[in-house]
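Number of protein chains: 2
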Amino acid sequence: MDNDSTGRILSELRRWIASAPPGARVPSNRALMAEYGASPVTVQKAMHALASLGLVESRPGVGTFVRSVPVKPRLVDYGWQTAALGSPHSRMPVLSSTQRAVAPDAIALHSGYPARELLPERLVRTAIVRAARTDAVIARSPATGLPELQAWFATELAATAPAGVTPPTNRDVLILPGSQSGLSSIFRALVGPGQPLLIESPTYWGAILAAAQAGVTLAPIPAGPDGPDPDDLARAFAQTGARAFYAQPTYANPTGAQWPTERGLAVLEIVREHGAFLVEDDWAHDLAIDTDPRPIAAHDDDGHVISLRSLTKSVSPSLRVAALIARGPARDRILADRAAESMYVSGLLQAAALDVITQPAWRTHLRGLREQLRARRDLLIQSLREHAPTAHVERPPVGGLNLWVRLPDGTDVERVVRDCEVRGVIIAPGAEWFPAEPSGPYIRLNYSGEHPDRFPEAARVIGDVLRTHA
Amino acid sequence: MDNDSTGRILSELRRWIASAPPGARVPSNRALMAEYGASPVTVQKAMHALASLGLVESRPGVGTFVRSVPVKPRLVDYGWQTAALGSPHSRMPVLSSTQRAVAPDAIALHSGYPARELLPERLVRTAIVRAARTDAVIARSPATGLPELQAWFATELAATAPAGVTPPTNRDVLILPGSQSGLSSIFRALVGPGQPLLIESPTYWGAILAAAQAGVTLAPIPAGPDGPDPDDLARAFAQTGARAFYAQPTYANPTGAQWPTERGLAVLEIVREHGAFLVEDDWAHDLAIDTDPRPIAAHDDDGHVISLRSLTKSVSPSLRVAALIARGPARDRILADRAAESMYVSGLLQAAALDVITQPAWRTHLRGLREQLRARRDLLIQSLREHAPTAHVERPPVGGLNLWVRLPDGTDVERVVRDCEVRGVIIAPGAEWFPAEPSGPYIRLNYSGEHPDRFPEAARVIGDVLRTHA
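Now the structure itself:
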C-alpha cells in the first residue's frame, strides 16, 4: 500500500472517478504509464486496486470503465451523538435573522452589510492587486499584526485624544480577523464563564451571542438615546460586582445614538471607580452621518477602556480586519487567548486594508459615504412617515446603518415580520437586540443594504401590514 | 461640537498634528477653507478648538504652528487590573518557541513554517490577482464557506473512501480561518470546560494550547511510531468517560509517523464502541514524502470522525483557509460556535485558495514539494548521523516537516537549546509537544524553514553542544 507511485496513481484516479460519470472510460495503462512516468507493473497494481475496490470494471478488448455504483439514499441516525454531546452550555442561534439569505427579488431591510455602491470597490481591488506583488503573499504575519497597521490604528485614536492624555502605543494594538473575534476573546479573557458582564440594552446581537459562547452572565443596562443613566450603571456595578461594561457609545447598533461627550466621561469615571473595564465597541467609526465619532478610549490612559474598531463594513467584508486596543496585563491576557484561537491574521488582508485606508481617496470615499448614508436614512424615515405613520422612529440615528423603529403597543412583532416577508419585505424583529426580554415591540430596518428606490414600496408594505394588525 | 464641518476639519487636523513635528506650520485658514469647501467661521472655530486643546499656538502675523508638547515619560501602574482580571483559568504561553523571532543570521530549525521556495508562490500571486477581479472582493461569504470550496474538500475526502462508505456532502464541510480556530471550536463545542479529552502524546503544541483555552482536562495516550496502542486507548475511554480523542494519524507533529491502515481502523472501532469522536487533525495531508495520506475520516459515515485539513502550510500562510468536516448534530454545534466566534471567512482568501488548488500546476507543485521535503529530510538526518551521532532519530518521518530527535538519557534539554542558540542554531525543546511531563529528552528540528545548505553546520553545532554536555 505504501508503494509511492502506485499510491499516487491510485489516489489521483480515485479523485477523478469520484467526479466522473458512471461508464466513463478510464485512461489506458499506456496513457497512465506516460502521464506518471511509471512502470507497467506500477500501473497494473493501481488498476487492480481500483477493480478490487469495486470502482472500475474492465471489459476485455474494450477498455476499463467507471462502475456505476448504485447510490443508496442513506438515512443515517446520528442519535449516538446526542449522548456524546450532552446539552449545550447555552442555546446559541446559529444564524441571526440579519444573516439570512432571502429570495433574490425581496426588499431586504434586514441585512447588516452595506450595498456594493457604498464600498470603495475600486480602491479595494487595486489594493489587493498591489498587495499580491508584495511579500505579504508568502510571509506569516506577527501574532499581533503588521506593525504599520498597528501604528495606523494607534494614530487614529491618538488624533482624538485631549492634550495631557498619553495615547496608546503601537504595541497596545492587536490586529484581529474581524471584531466579532475580539468580542469573543475579550469576554473569555476578561470576564469568563459564570461571571457578570454589564451590557447596554438594546445592543448588538453579535455581542449577546459572543457573551453566550463565553458563558458570561449578562446584566442589561437600559440605554436611552443619550446612553446609559450613570446612576443605573453605578448601581449595577455595585450590585453585580461586575468588572466590565460592554457598550457602543458611537452610533449604537440598533439605535444609531451617540452618547454626548459629558455622558461618555461620566461613564468612564464610574468604570474607573469600580476598578472595571469599558469595552467600547467602536463598530461604526467610519459610518458617521450628522456628527463625528468621539471615542471614549481617547480619554483613557490607565487601561480602563478596551476598544474595538472594525474595517469590515467600511472597507469590505472580504478584507476582514479589525483592531483591539488594550493596555497593561489585560492586553497580554487577550493576546494569549488570540494566540490559542487563531495565531495570526492573514498578512495579505492586512496589507490590502492598510493600502486602502492610507490612500487619499479613502478620505474622499468616507465623505461620499456620509452623504449617501444621510440620503438613505432620510428617505427611509420620510417613507415611513408617509406610508407607515404608526411605525415610530424615536430619534433619527446620527450615524450607523439602521433605523430602530417602535411599533404600536401590543403589536405581535413576529407576526408583522412574517406578514411583511410574505409580501416580499424582509425586516428584523427587535427581540434579537435585547439581552433579556424586549422592552417593547421594535423592528430594525437597515438602510444601507437595499436600493433606496425601493424604500417607499417597503414602507407601504409595512404600513399595510401594521394596519391589518391594528 | 457636533457641527459637522468644524468637527471634520478638527479631526483631520488633529490626525495630522499627531504625526507632525513640533513647530510645523499649520495650513492657513484660507488654504483650509479651499480644501474643505468650508466657510471662514467654520475654519476659525476649528482653529480655536485646536488652540484651546493646547495643540497649536498662533504667532500673530507669522502663522499657526504645532505646539511642542513636552512628552512626559509616563510610568503607568496597571495594578488595578490585577484585581479586575483575577487569576487566569489556565496558564497559557503567549508564544510557542516555534513562533519566536530570531536573529536574522541564525540557523532556524525551530519554525513550523515552510520556506518561501517550498510554496507555490507564482500560483498564489496569480490566484490573488484573479480573485481581485471577482465579486469575492466585495461580497460576504456564507457562514459555512464558499460552496465550491466546500465541494472541493468533500471530493478530496470522497476520493479516498472505500466503496460502500457514503462520503461527506458539501454541507458537512465548514470553511475556517485556519485549523487552529477549528481546534478551539471543536474542544469548546464537543468537549467543554472540565470535561476529559484523550490526546496523543507527544502531539502538536497548538492543540495542547487550544485545549487549555477551552478548559478541557487532557488525558494523554502514548503514541508510538504506529500510533496509539488500541488497548491503552480503550482503557482510557473506559476510565475517563471521555467522548473524544484528538490525534494526527498522518505525518504526526512532531514525529512524522503515519498510522498503518489497520491501526487506524482499529482506533475507529474503539471510538465507535465508546460512542465517541475521533478528532483527526490531517494537518500534513499535502506534506507527504514516502507514502500517501489515508485519512481515517474516509472510512466513517456515522459522524464519529471530525476531520480538519489546512491549506496554510502547503498553499501559503497568507491564504489562511482550512476545512472542518463533521456530520450530524456535532456539525451544528460546531457551526454555532464558529458563528459566535468569527461569523464567516474572507471570501477573497477562499476564492484565491480555491483557484490555487484547482490549477493543474497545483498537482505538479505537490509532486515537487514531495521531492524537496525528501531531500531536506534526508540531508538533515545524514548531517546528524555524521556530526551529532548521539542525537537519535528513532524513525525517519514519512511525511511532514520535522525530525523528532531523542537526546541521550539525562540530557538537560533546556540547556542544550540555550547553548545551541548562543552558537547561532535555534532548535525547539521537546517539552512543548507533551501534554504532561516529557517522556524523555527530545528536541524537534524542522527541515522546511531553513536553507538546507546550513544543515551540516547546524548538526555540527548540535553535536559539539551535546559533547560538552555528555
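Those protein sequence lines, which keep their order, are chains A and B. Quick note, the first sequence lines up with residues 0 to 469 if you use numbering that gives the first Met the number 0. Quick note, the second sequence lines up with residues 0 to 469 if you use numbering that gives the first Met the number 0. For every residue, glycine included, the Cβ atom is placed at its ideal position computed from N, Cα and C. For clarity, every value in this text was computed on a predicted model and none was experimentally measured.
Interface partners of residue i on chain A, CB under 7 Å
| i | result |
| --- | --- |
| residue 77(B) | 302, 326, 327 and 328 |
| residue 471(B) | This structure does not reach residue 471(B), given that chain B is present from 0 up to 469, and the question cannot be answered. |
| residue 157(B) | 17 |
| residue 36(B) | Those do not exist, as residue 36(B) stays about 10 Å from chain A at its closest Cβ, beyond 7 Å. |
| residue 377(B) | The contacting residues do not exist; residue 377(B) stays about 14 Å from chain A at best. |
| residue 242(B) | 83 |
| residue 24(B) | Result: empty, since nearest Cβ-Cβ is about 19 Å, beyond 7 Å. |
Residue j beta carbon less than 7 Å from that of residue i
| i | j | result |
| --- | --- | --- |
| residue 350(A) | residue 133(A) | yes |
| residue 127(B) | residue 424(B) | no |
| residue 173(B) | residue 323(B) | yes |
| residue 214(A) | residue 286(A) | no |
| residue 175(B) | residue 315(B) | no |
| residue 220(A) | residue 235(A) | yes |
| residue 477(B) | residue 451(B) | Past the edges of chain B, shown from 0 to 469, lies residue 477(B), and the structure says nothing about it. |
| residue 460(A) | residue 422(A) | yes |
| residue 299(A) | residue 247(A) | no |
| residue 332(A) | residue 208(B) | no |
| residue 404(A) | residue 290(A) | no |
| residue 344(B) | residue 140(B) | yes |
| residue 201(B) | residue 253(B) | yes |
Neighbouring residues, chain A, relative to residue i (Cβ below 8 Å)
| i | result |
| --- | --- |
| residue 136(B) | 120, 123, 124, 127, 315 and 317 |
| residue 342(B) | 98, 177, 179 and 205 |
| residue 189(B) | 83 and 84 |
Spatial neighbours of residue i in its chain, beta-carbon cut-off 8 Å, leaving aside the 5 residues before and after
| i | result |
| --- | --- |
| residue 260(B) | 293 |
| residue 414(A) | 468 |
| residue 8(B) | 31, 35, 37, 41, 42 and 45 |
Exposed unless 16 or more other CB atoms sit within 10 angstroms - verdict on residue i
| i | result |
| --- | --- |
| residue 1(A) | Unreliable positioning characterises residue 1(A) in this predicted model, as indicated by a pLDDT of 41, which lies under 50. The coordinate reading is nonetheless provided below. Residue 1(A) is exposed by the Cβ-count criterion. |
| residue 171(B) | buried |
| residue 74(B) | exposed |
| residue 408(A) | exposed |
| residue 5(A) | buried |
| residue 51(A) | exposed |
| residue 255(B) | buried |
| residue 25(B) | buried |
| residue 431(B) | buried |
| residue 354(B) | buried |
| residue 336(A) | buried |
Cβ neighbours of residue i in the same chain (closer than 6 Å, five flanking residues each side left out)
| i | result |
| --- | --- |
| residue 145(A) | 349 |
| residue 239(B) | 195 and 218 |
| residue 463(B) | none |
| residue 389(A) | 407 and 465 |
| residue 191(B) | none |
| residue 394(B) | 224 |
Contact set for residue i: own chain, Cβ-Cβ below 7 Å, skip 5 residues either direction
| i | result |
| --- | --- |
| residue 470(A) | Because residue 470(A) is not part of the residues shown, which for chain A are 0 to 469, the question remains open. |
| residue 347(A) | 130, 135 and 136 |
| residue 10(A) | none |
| residue 67(B) | 21 and 22 |
| residue 448(A) | 107, 110, 112, 113 and 114 |
| residue 428(B) | 96, 412, 413, 416 and 442 |
Listed by chain order, chain B residues near residue i by CB distance under 7 Å
| i | result |
| --- | --- |
| residue 6(A) | 290 and 291 |
| residue 112(A) | 139 |
| residue 10(A) | 158, 159 and 291 |
| residue 80(A) | 302, 327, 328 and 329 |
| residue 306(A) | Result: empty, since nearest Cβ-Cβ is about 15 Å, beyond 7 Å. |
Neighbouring residues, chain B, relative to residue i (Cβ below 9 Å)
| i | result |
| --- | --- |
| residue 162(A) | 52, 53, 54, 66 and 68 |
Neighbour list for residue i in chain A, Cβ cutoff strictly below 9 Å
| i | result |
| --- | --- |
| residue 348(B) | 317, 319, 345, 347 and 348 |
Residue i: contacting residues in chain B (beta-carbon distance under 8 Å)
| i | result |
| --- | --- |
| residue 43(A) | Those within 8 Å of residue 43(A) in chain B number zero; the least Cβ separation is about 18 Å. |
is_contact[residue i, chain C] using C-beta, thresh 7 Å
| i | result |
| --- | --- |
| residue 339(B) | No chain C appears in this structure, whose protein chains are A and B. |
Inset, instruction - May I ask you to verify whether the region 335–342 of chain A touches the region 376–383 of chain A, counting CB pairs closer than 8 Å and requiring at least 3? - result: no
Inset, instruction - Evaluate contact between the region 313–329 of chain A and the region 151–169 of chain A, counting only Cβ atoms and requiring at least three cross-stretch pairs below 8 Å. - result: yes
Inset, instruction - Count the C-beta pairs between the region 13–24 of chain A and the region 158–166 of chain B that are closer than 8 Å, then say yes if the count reaches three, no if not. - result: yes
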